[in-house]
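Beneath this line is the structure, given in structure tokens, with notes to follow.
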Amino acid sequence: MQVILENAGADLGSLILNHSGTWVLAAQCLKGNTHLSTTPLDNADTLPLSIINTVKRSQQTLLINDIDQDTSFPGDTYLIQQQPKSLLCTPIGHQG
15 MQVILENAGA DLGSLILNHS GTWVLAAQCL KGNTHLSTTP LDNADTLPLS IINTVKRSQQ
75 TLLINDIDQD TSFPGDTYLI QQQPKSLLCT PIGHQG
């Protein structure tokens, strides 16, 4: 995860996995420190859940270059509190 974040120029990255129908926050990397986890996605308050749910449903990558100018997710608590500059959420498919 650290290599991916460095190449993307990102400060924070999260890996969310589907464990038998339950989505969990498996790992989170912040400024070079990676933390493994088994936190259910519904209990993860450090993620933009509306964006993650959109990508889960659509199976399409979502890239927002300037969150200040984007009005697609106005009520997302994470976006309001953390105020990131940009965001990328992409599905990782298995054999597809």
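15 is the number of the first residue of the sequence shown in the working numbering; add one for each residue after it.
Where a beta carbon is used, it is the ideal one built from N, C-alpha and C, also for glycine.
What you are looking at is a predicted structure, and each value in this text was computed from that prediction instead of being measured.
Item	Value
Which of helix, strand or coil DSSP assigns to Leu121	Given a span of 15 to 110 for the chain in the structure shown, any question on residue 121 remains unanswerable.
Nearest neighbour of Leu77, chosen from Gly46, Thr48, Pro62 [CA to CA]	Pro62
Buried versus exposed call for Ser72 [16 or more other C-beta atoms within 10 Å across all chains shown]	exposed
Residues of its chain near Ala22, where Cβ-Cβ distance is below 8 Å and the 5 sequence neighbours each way are ignored	Leu102
With 16 other Cβ atoms within 10 Å as the buried cut-off, status of Leu93	buried
Closest Cα partner of Cys43 within the set His33, Gly27, Phe87, Trp37	Gly27
From His49, His33, Ser34, Gly35, residue whose alpha carbon lies closest to that of Met15	His49
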